[in-house]
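There are 2 protein chains.
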Amino acid sequence: MSEATPDDRYRLITRRLQEVLGGDIVKTLLVQGKTPKCYWGTAPTGRPHVGYFVPLTKIADFLRADVEVKILLADIHAFLDNMKAPLELVGHRTKYYKFVLLAVFESLGIPTSRLTFIEGSSYQLTKEYNLDNYRLCATVTEHDAKKAGAEVVKQVESPLLSGLLYPGLQALDEQYLDVDFQFGGVDQRKIFTFAELYLPRLGYAKRAHLMNAMVPGLAGGKMSSSDPDSKIDFLDPPDAVRRKIKKAFCEEGNVTDNGVLAFVEAVLIPISELRLERAASTANGSAVSLANGDGSKDEGAQKPFVFDGAPPGTVFSVSRDEKYGGPLHFSSYDALREAFETRQVHPKDLKNVVADALVSLLSPIRKRFEESKEWQEVTERAYPSPVPEKKKKKEKVYHPPPPGKGRNANVATTHPAANATASTGQTDDPPLSSTAETGSTNAN
Amino acid sequence: MSEATPDDRYRLITRRLQEVLGGDIVKTLLVQGKTPKCYWGTAPTGRPHVGYFVPLTKIADFLRADVEVKILLADIHAFLDNMKAPLELVGHRTKYYKFVLLAVFESLGIPTSRLTFIEGSSYQLTKEYNLDNYRLCATVTEHDAKKAGAEVVKQVESPLLSGLLYPGLQALDEQYLDVDFQFGGVDQRKIFTFAELYLPRLGYAKRAHLMNAMVPGLAGGKMSSSDPDSKIDFLDPPDAVRRKIKKAFCEEGNVTDNGVLAFVEAVLIPISELRLERAASTANGSAVSLANGDGSKDEGAQKPFVFDGAPPGTVFSVSRDEKYGGPLHFSSYDALREAFETRQVHPKDLKNVVADALVSLLSPIRKRFEESKEWQEVTERAYPSPVPEKKKKKEKVYHPPPPGKGRNANVATTHPAANATASTGQTDDPPLSSTAETGSTNAN
Numbered sequence: 164m165s166e167a168t169p170d171d172r173y174r175l176i177t178r179r180l181q182e183v184l185g186g187d188i189v190k191t192l193l194v195q196g197k198t199p200k201c202y203w204g205t206a207p208t209g210r211p212h213v214g215y216f217v218p219l220t221k222i223a224d225f226l227r228a229d230v231e232v233k234i235l236l237a238d239i240h241a242f243l244d245n246m247k248a249p250l251e252l253v254g255h256r257t258k259y260y261k262f263v264l265l266a267v268f269e270s271l272g273i274p275t276s277r278l279t280f281i282e283g284s285s286y287q288l289t290k291e292y293n294l295d296n297y298r299l300c301a302t303v304t305e306h307d308a309k310k311a312g313a314e315v316v317k318q319v320e321s322p323l324l325s326g327l328l329y330p331g332l333q334a335l336d337e338q339y340l341d342v343d344f345q346f347g348g349v350d351q352r353k354i355f356t357f358a359e360l361y362l363p364r365l366g367y368a369k370r371a372h373l374m375n376a377m378v379p380g381l382a383g384g385k386m387s388s389s390d391p392d393s394k395i396d397f398l399d400p401p402d403a404v405r406r407k408i409k410k411a412f413c414e415e416g417n418v419t420d421n422g423v424l425a426f427v428e429a430v431l432i433p434i435s436e437l438r439l440e441r442a443a444s445t446a447n448g449s450a451v452s453l454a455n456g457d458g459s460k461d462e463g464a465q466k467p468f469v470f471d472g473a474p475p476g477t478v479f480s481v482s483r484d485e486k487y488g489g490p491l492h493f494s495s496y497d498a499l500r501e502a503f504e505t506r507q508v509h510p511k512d513l514k515n516v517v518a519d520a521l522v523s524l525l526s527p528i529r530k531r532f533e534e535s536k537e538w539q540e541v542t543e544r545a546y547p548s549p550v551p552e553k554k555k556k557k558e559k560v561y562h563p564p565p566p567g568k569g570r571n572a573n574v575a576t577t578h579p580a581a582n583a584t585a586s587t588g589q590t591d592d593p594p595l596s597s598t599a600e601t602g603s604t605n606a607n
Numbered sequence: 164m165s166e167a168t169p170d171d172r173y174r175l176i177t178r179r180l181q182e183v184l185g186g187d188i189v190k191t192l193l194v195q196g197k198t199p200k201c202y203w204g205t206a207p208t209g210r211p212h213v214g215y216f217v218p219l220t221k222i223a224d225f226l227r228a229d230v231e232v233k234i235l236l237a238d239i240h241a242f243l244d245n246m247k248a249p250l251e252l253v254g255h256r257t258k259y260y261k262f263v264l265l266a267v268f269e270s271l272g273i274p275t276s277r278l279t280f281i282e283g284s285s286y287q288l289t290k291e292y293n294l295d296n297y298r299l300c301a302t303v304t305e306h307d308a309k310k311a312g313a314e315v316v317k318q319v320e321s322p323l324l325s326g327l328l329y330p331g332l333q334a335l336d337e338q339y340l341d342v343d344f345q346f347g348g349v350d351q352r353k354i355f356t357f358a359e360l361y362l363p364r365l366g367y368a369k370r371a372h373l374m375n376a377m378v379p380g381l382a383g384g385k386m387s388s389s390d391p392d393s394k395i396d397f398l399d400p401p402d403a404v405r406r407k408i409k410k411a412f413c414e415e416g417n418v419t420d421n422g423v424l425a426f427v428e429a430v431l432i433p434i435s436e437l438r439l440e441r442a443a444s445t446a447n448g449s450a451v452s453l454a455n456g457d458g459s460k461d462e463g464a465q466k467p468f469v470f471d472g473a474p475p476g477t478v479f480s481v482s483r484d485e486k487y488g489g490p491l492h493f494s495s496y497d498a499l500r501e502a503f504e505t506r507q508v509h510p511k512d513l514k515n516v517v518a519d520a521l522v523s524l525l526s527p528i529r530k531r532f533e534e535s536k537e538w539q540e541v542t543e544r545a546y547p548s549p550v551p552e553k554k555k556k557k558e559k560v561y562h563p564p565p566p567g568k569g570r571n572a573n574v575a576t577t578h579p580a581a582n583a584t585a586s587t588g589q590t591d592d593p594p595l596s597s598t599a600e601t602g603s604t605n606a607n
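Here is the structure:
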């Protein structure tokens, strides 16, 4: 990182974000040659789905800019979200999340030496934290707490008290995780401004807040959250990925409500660009100016999503039948967007190329899973296969379903007062927050 | 206590209460020969005033019935009520409260071997308690928490979050203090029924709840809470006691809004009866069937509030000028009440006799204070004399006020969202709860 200027690093940290609050805090640290620290939180509830690529792609930028990234695995929140899941089960899910998230960064060739995972239970039950929580509750009005959670805590007729506590706890996490900024979806904005207002009242520093835009779910369309095919699991095999993307809502010419297109913008093009930059720096023999890691050595498929023979500057290619004019190449997301809007790109063609890209992204993750006996065991403990109950009544011998069958992810349910620690930035299925617009989150 | 039957003990435990919820829980323990355990909470904020005699007189019944009494000194709550008072100051106030409360029981000759003081900070910041608090918050609706605190938490325009937490914390205290019942004023009723509803939802036992009637303040009249003379301190000298009672609202014939009369009912007659019972058992040479202690030996003034020569059965005497018919003797509170209502007892005569009784009750407490250097030092630390600020502007030499001068009690202010741990049962000045009807509590 020594070759990258503070400006380079700041640009990388803040690019593609929808909003930055308190950017000067980060800039000052970079100018001083210090390592900014950030946190992003997720509650280990249901199986994480590929929507997590959205925040993780942005976190990859932080890591490349040499930011110290702390991923808060909010196990206490996960436990409170669904108290039917005992703490032990949450413990297994926490391990499962670590396996998946780490595998994603490694499969992208992102260096993880500055990445740490912290479990909420490691500090959220301490004397100091709880006294601060009480102090905060004696400072914060009901009104402000409710307002802070309005977009993230599910608005129901009989809201639980916990929904009012979460904004304060999330503010305290910034202090106790000792970070300079918090990252999350822009749906967290009110939580973030709440933290900026109240932390200083407890005598703590105000932190910066970096926000991703909200991205609709990849496989889900409107009203599709009850459809089990609306979420793609990181471990889904290629045929499942292709089937789910085929069913996704992706209307010809419609660029505003299009999860497939949004995934290209938020995940595929950034990854493609990362790979192009990496290839360029290797080809030039130039010093790797940003921390690109050496994943290319490990992961064979570190190819940009660009076809061979594409013109220079292409960041994304879409195949198209020769009779319709052959493949299309785009030098930016805006170009792709325009082509889709003007119906030069057909939904079927877009879906095909996105499915190909996603299959190639998931391939090394699945490979890691298949090679790790520990991960496999953790998975069975974290999301045990449901025991079919009806069979018992017939007094028949129980035949377990073949491996990989059965929708075990549905074990995780979502609590109305789901916590508000952070979101993927996906409007359709934020992993942590029960937003008002969707009734089903986390359960894959 | 072995001589007292379970029925005797139950009668003593529940007499003069306005309401008992779950009395069977207590009765069953007594029949089984077990020692019931109870708790009463108070937040060590401002200097406790003689209104505390109301709950303490009832607690004396518990102790005499061999109940294990735990007095929760809610220091965390006191700290949160007024975060300008640092925890260190609250620590001194906690010590001050212990000195006063213990001195009251001892001055009444009540055995204190079954009495313990527990500081909230000793368990309210532990991992287990806080996880239970989170669990409770993920179970309790905002609506139920608000309803529970409606009578005890001050209803203001911008209520603080802490006001919603207190009912749950008070419920958890029953579990963590390991008691069978909680005692408080009937203003706590909604908090108590909240605890009965929610503790079992966490898997904990439902407790019984014993409630004192609400008693108007002794020296305060309506709208008098801004008057510094509306509170009588346990350490007030006789002339201050007499002056304050002289100013108290006590209207001829008015028995419904009469703090002086209410004090006779809730404090003076019970104490008088206790002393009469004790004298009778000593005179008869009979076994002390209820734990009366041996305070009579220590405290010279353990005389009932009955004049020499009063007819047998008298529990309270009122002096009256011979020209109006001479002294009056009452065998019950109802008899006194009726006499006051029919104007046979003049307010001036009632005030005089109440002042005499109170001076005699406070005399041994003052004596203990004067004999204890430690208590005196704690008092100066807990309620330091205010430093006059105006002098500084004039750049004059600072002359400290003479010892004993200056209203140092005013250091303690009351927070709008005062906690709801328990109240004295005095409507005019509950020591813990900021009720809706009074703006000034705790500050003496």
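So the sequence lines, in the order shown, correspond to chains A and B.
Going from the first sequence to the numbering used here is simple: count from 1 and add 163.
Going from the second sequence to the numbering used here is simple: count from 1 and add 163.
We put the beta carbon where it would ideally sit given N, CA and C, even for glycine.
A:Asn293 carries a helical assignment under DSSP once its states are collapsed to helix, strand and coil.
In this structure, DSSP gives A:Val418 a state outside helix and strand, which the three-state scheme calls coil. Collapsing the DSSP output to three states places A:Gly312 in a helix. Apart from sequence neighbours up to five positions away, the residues of its chain that approach A:Phe346 with a beta-carbon distance below 6 Å are Cys201, Trp203, Leu373, ordered along the chain. Of all residues in the segment 288-316 of chain A, only Leu288, Thr289, Lys290, Glu291, Tyr292, Asn293, Leu294, Asn296, Tyr297, Arg298, Leu299, Cys300, Ala301, Thr302, Val303, Thr304, Glu305, His306, Asp307, Ala308, Lys309 place a beta-carbon less than 9 Å from a beta-carbon of chain B. Looking only at A:Ser284, A:Glu305, A:Leu328, the smallest Cα-Cα distance to A:Tyr339 is reached by A:Ser284.
The residue from B:Leu328, B:Lys310, B:Val423 with its alpha-carbon nearest to that of A:Thr304 is B:Leu328. Not flagged as an interface residue toward chain B: A:Met377, since no C-beta distance is shorter than 9 Å. Relative to the Cα of B:Leu265, the nearest Cα in the group B:Arg531, B:Leu193, B:Leu250 belongs to B:Arg531. Contacts with chain B at 9 Å (Cβ-Cβ) include A:Gly326. Bridge partners of B:Phe346 according to DSSP: B:Leu373. The beta-carbon of A:Ser321 is placed less than 9 Å from the nearest beta-carbon of chain B. With respect to B:Leu235, B:Thr205 sits close: the two C-beta atoms are nearer than 9 Å.
Residues of the segment 248-261 of chain B that bring their beta carbon within less than 8 Å of a beta carbon in chain A are absent altogether. About 18 Å separates the Cβ atoms of A:Gln181 and A:Asn421, ruling out a contact at the 8 Å cut-off. Beta-bridge analysis with DSSP links A:Thr279 to A:Lys233. One Cα belongs to A:Val478, the other to A:Gln465, and the distance between them is close to 14 Å.
Counting every other CB atom within 10 Å of its CB across the protein chains shown gives A:Gly489 a total below 16, marking it as exposed. Under a criterion of Cβ atoms nearer than 8 Å, the residues of chain B adjacent to A:Ile239 are, in order, Leu294, Tyr297. A Cβ of chain B is located within less than 9 Å of the beta carbon of A:Asp244.
Comparing alpha-carbon positions, the option among B:Val418, B:Lys394, B:Leu335, B:Met377 lying closest to B:Gly366 turns out to be B:Leu335. Its Cα nearest to that of A:Asn296, the residue B:Leu243 stands out among B:Leu243, B:Ile176, B:Val378, B:Ala308.
Across the structure, B:Val213 and B:Val423 are spaced so that their CA atoms are roughly 12 Å apart.
Against chain B, the CB of A:Gly331 has a partner CB under 9 Å away; the residue lies at that interface.
The alpha-carbon of A:Leu278 is positioned some 20 Å away from that of A:Gly254. Classified as exposed, B:Lys536 has fewer than 16 neighbouring CB atoms from the shown chains inside 10 Å of its CB. Closest in alpha carbon position to B:Val541, among B:Ile395, B:Lys290, B:Lys261, B:Ala228, is B:Lys261.
Annotated three-state conformation of A:His492 is strand, per DSSP. About 44 Å separates the Cβ atoms of A:Lys407 and A:Ala368, ruling out a contact at the 8 Å cut-off. For A:Gly204, there is no enclosing alpha helix (DSSP H); the enclosing beta strand (DSSP E) has its first and last residue at 200-205. Here the C-alpha atom of A:Asn417 lies approximately 24 Å from the C-alpha atom of A:Glu485.
B:Leu360 and A:Pro527 have their alpha carbons spaced roughly 52 Å apart. Residues of the same chain with a CB within less than 7 Å of the CB of A:Ile176, apart from the 5 flanking positions on each side, are Val189, Asp224, Phe225, Ala228, Val230 in chain order. In the displayed model, B:Thr257 falls within a helix according to three-state DSSP. Assignment of A:His212 by DSSP, reduced to helix, strand and coil, places it in the strand class. Shown here, A:Asp396 sits in a strand according to DSSP, grouped into three states.
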